[in-house]
Amino acid sequence: MKTVVITGCSRGLGKAMVPEFIKAGWQVAGCGRSADTLAALQNEYSGEHIFLPADVAAEESVQAFADNVLQQFGGPDLLLNNAAMINANAPLWEVPSEEFSNLVDINIKGVASMIRHFVPAMIEKGSGVIVNFSSTWGRSASPEVAPYCASKWAMEGLSQALAQELPRGMAAVALNPGIINTEMLQSCFGPGAASYRTPEEWATTAVPFFINLNASHNGAALTAP
Numbered sequence: 018m019k020t021v022v023i024t025g026c027s028r029g030l031g032k033a034m035v036p037e038f039i040k041a042g043w044q045v046a047g048c049g050r051s052a053d054t055l056a057a058l059q060n061e062y063s064g065e066h067i068f069l070p071a072d073v074a075a076e077e078s079v080q081a082f083a084d085n086v087l088q089q090f091g092g093p094d095l096l097l098n099n100a101a102m103i104n105a106n107a108p109l110w111e112v113p114s115e116e117f118s119n120l121v122d123i124n125i126k127g128v129a130s131m132i133r134h135f136v137p138a139m140i141e142k143g144s145g146v147i148v149n150f151s152s153t154w155g156r157s158a159s160p161e162v163a164p165y166c167a168s169k170w171a172m173e174g175l176s177q178a179l180a181q182e183l184p185r186g187m188a189a190v191a192l193n194p195g196i197i198n199t200e201m202l203q204s205c206f207g208p209g210a211a212s213y214r215t216p217e218e219w220a221t222t223a224v225p226f227f228i229n230l231n232a233s234h235n236g237a238a239l240t241a242p
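Quick note on the numbering used here: the sequence shown kicks off at 18 and runs consecutively.
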């Protein structure tokens, strides 16, 4: 049985991917910041799956989550660095320093922490794919979301550099999931977000796409179907 690790699985895209991977026969190890949601997922999908509260912005929290997963499952076949936040719409000079720092801690440093604690086990196994979630705003830009754009452009460069560091047989990719009606999109688009796909609709095509990723995709900048 193959294993996928998903960050940010207590809501949005992360939560929507959980049942799709399970239906495909994968073991799922998920983390997020909502303890209640993670407990509900663990209760619903008990046994072969792990759902634990963890904050990717906190190194010790990531380490505790990784230690638990690696002890039970070993190195994952797929690591999906999905967890992210977006700033409240505002010109860059009006974004509070604390909000910018929190965004960087989650969107960039959180991805690095997950890689730090999971990729060595994947290297030891000799296989695995790391998917770092980028965005349409990781390849373009819009006003009033400059911190988010910066973090997602960072995912593009980080992924390309990581791809050059991995041994043969592995892959790191940057993934633009597309435009989906999540809470983050609603914060930017307001009611207009409702015209886009739901996370659940997106997951039905995205998960098979992820399952088919392999070493030949190393270094690619991909867009989910």
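Here a beta-carbon is modelled for each residue, glycine too, at the ideal position from N, C-alpha and C.
Within the segment 146-218, the runs of alpha helix (DSSP H) that reach at least 4 residues and sit entirely inside it are, in chain order, 163-182 and 200-206. Residue state for Pro225 is assigned as helix, using DSSP reduced to three classes. Comparing C-alpha distances from Leu58 to each of Pro36, Gly42 and Asp72 shows the shortest one belongs to Pro36. Residues Ala180, Leu183, Met187, Ala188, Ala189 and Val190 of the same chain have their beta carbon placed closer than 8 Å to that of Asn235, with the five preceding and five following residues left out of the count. In the structure shown, the three-state DSSP call for Ile103 is coil. For Val128, the enclosing alpha helix (DSSP H) has its first and last residue at Gly127 to Lys142. With 16 or more other Cβ atoms inside 10 Å of its own Cβ, Gly29 counts as buried. If the five residues before and after Asp72 are omitted, its C-beta is found closer than 6 Å to the C-beta atoms of Arg50 and Ser78, all from its own chain and listed in chain order. Nearest C-alpha to Ser118 among Leu69, Pro164 and Gly174: Pro164.
Here Trp170 has Gly155 as same chain residues with Cβ atoms under 6 Å from its own Cβ, once five neighbours each way along the sequence are excluded.
Assignment of beta strand (DSSP E) within the segment 46-101, counting only whole runs of 3 or more residues, yields 67-70 and 95-98 in chain order.
Here the C-alpha atom of Thr222 lies approximately 38 Å from the C-alpha atom of Glu111. Here Ala238 is bridged, per DSSP, to Ala191. Spanning the alpha carbons of Leu55 and Cys48 requires a straight line of approximately 7 Å.
Rounded to whole angstroms, the separation of the alpha carbons of Ala74 and Lys126 is 7 Å. Your pair Val224 and Ala41 checks out as a contact, with CB atoms roughly 6 Å apart and the cut at 8 Å.
Going by beta carbons, Ala101 and Ile132 fall outside the 8 Å limit. With fewer than 16 other Cβ atoms from the protein chains shown falling within 10 Å of its own Cβ, Ser63 counts as exposed.
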